[in-house]
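Asks: So the sequence shown is numbered by the numbering used here: it starts at 2 and just counts up by one. Glycine is no exception: its CB is placed at the ideal position from the N, C-alpha and C atoms. Take a look at this one; I'll ask things after.
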Amino acid sequence: MKIFIDGKFCSERDAKISVFDHGLLYGDGVFEGIRAYNGRVFKLKEHIDRLFYSAKAILLEIPMSPGKISEAVLASCRANKLRDGYIRLVVTRGVGNLGLNPRSCKKPTVFCIADKIQVYPPELYSRGMEIVTVPTARNLHSALNPAIKSLNYLNNILAKIEANNAGVEEAVMLNAEGFVAECTADNLFIMKNGELFTPPLSAGALYGITRQTVIELAQEAGMKVSEPNLTRYDLFCADECFLCGTGAEIMPVIKIDGRIIGTGKPGQITRKLVEDYHALTKMSGEPI
Ligand code: PXG
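Structure representation (structure tokens):
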């Protein structure tokens, strides 16, 4: 496998980052998870834009232009003959000294891995997934804004561990007020009386690119979509529920905290959105 690091490609063996990199020492950095389908990189511009906004929010100056970073993503796919796969693009604060002050970091590190990903067991896509709400609340905007896709994922990892401890694959994270925010690496939707609902971004969710795509697909299909605050009660009493994200794509949810959702099988609208999403991923994106 060829890995892009700081402007050059190297072998997987040589793809190494310093132990003094603040991305490792403090989680000081930003990243994107991007997918390629059928020889095209899906929603590349949206991912690059979000990377630059995340970097801006943490005062990290990316040492490459958006155009050059996009080219590095496409080149990483070509170098690994990847037509379908997963791309991890990371920018860290770079090498500094053993103090958290980012002023000691003179040059951000940029790397890009083009590989494969399987986020959840494949059989769950047809059967549907059971999820639970967990005690760890989503980060406060005023502490670490969940809109920033930073390398600091401990909040989400703790929630994932709590889901694992409960014997399920995924967690619903609530915000400090108890409203639904999102899952550990996915946004969440419910369907009720023919309408689609997802928590507002202000509830503590990432500005998900899959979330936005789902909203557009649903609206094109004539569905009403709104973004009110949602409670656990709203989830329990939904007709359908699903998660969505670049890695997970669209995953039907059939049980939440022991309550069966709808018929206990992936819902009809969810299945239609899965179909429309796959159709879109096959035919759009930046050619590799
Ligand atoms: N919320 C969080 C906290 C995320 O990290 C999403 C929502 C969905 O956003 P997108 O833009 O992808 O629709 C994410 C995305 C992984 C992995 O390694 C994580 C993400 C994306 C791809 C892979 O598990 N996070």
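Can you check the stretch 122–193 for any beta strand (DSSP E) of at least 3 residues that lies completely inside it and give the ranges in chain order?
Replies: Entirely contained in the stretch 122–193, the beta strand (DSSP E) runs reaching 3 residues are, in chain order, 130–134, 171–175, 181–184, 188–193.
Asks: Would you tell me roughly how many angstroms separate the C-alpha atoms of residue 97 and residue 188, rounded to the nearest one?
Replies: Taking the straight line joining both Cα atoms gives about 34 Å.
Asks: Using DSSP bridges, identify the partner residues of residue 54.
Replies: According to DSSP, which records beta bridges pairwise, residue 54 is partnered with nothing at all.
Asks: When you measure from the CB of residue 78 to every non-hydrogen atom of the ligand PXG, does any distance come out below 7 Å?
Replies: Not under cutoff, so the answer is no.
Asks: Measuring only the C-alpha atoms, how far is residue 208 from residue 268?
Replies: C-alpha separation (whole angstroms): 25 Å.
Asks: So does residue 245 have its beta carbon nearer than 7 Å to some heavy atom of the ligand PXG?
Replies: Correct: residue 245 has its Cβ closer than 7 Å to the ligand PXG.
Asks: Please state whether the Cβ-Cβ distance between residue 250 and residue 278 is less than 8 Å.
Replies: Contact flag set, yes.
Asks: To which residues of the same chain is residue 129 closer than 7 Å at the C-beta, ignoring the five residues directly before and after it?
Replies: Here the set comprises 253, 254, 255, 266, 267.
Asks: Considering only C-alpha positions, which residue in the set 233, 124, 168 is nearest to residue 200?
Replies: Comparing Cα positions, the closest option is 233.
Asks: Using a Cβ-based criterion (distance less than 7 Å to any ligand heavy atom), does residue 120 qualify as near the ligand PXG?
Replies: Yes, since a heavy atom of the ligand PXG falls inside the 7 Å radius drawn around the Cβ of residue 120.
Asks: Output yes or no for whether 8 Å exceeds the beta carbon distance between residue 4 and residue 16.
Replies: In this structure, residue 16 lies closer than 8 Å to residue 4 by Cβ.
Asks: Using the rule of at least 16 other Cβ atoms within 10 Å of the residue's Cβ for burial, across every protein chain shown, is residue 178 buried or exposed?
Replies: So residue 178 counts as exposed.
Asks: Taking DSSP's pairing of strands, which residues face residue 87 in a bridge?
Replies: Beta-bridge pairing links residue 87 to 36, 116.
Asks: Specify the secondary structure class of residue 252 as computed by DSSP and reduced to three states.
Replies: Residue state, collapsed to three classes: strand.
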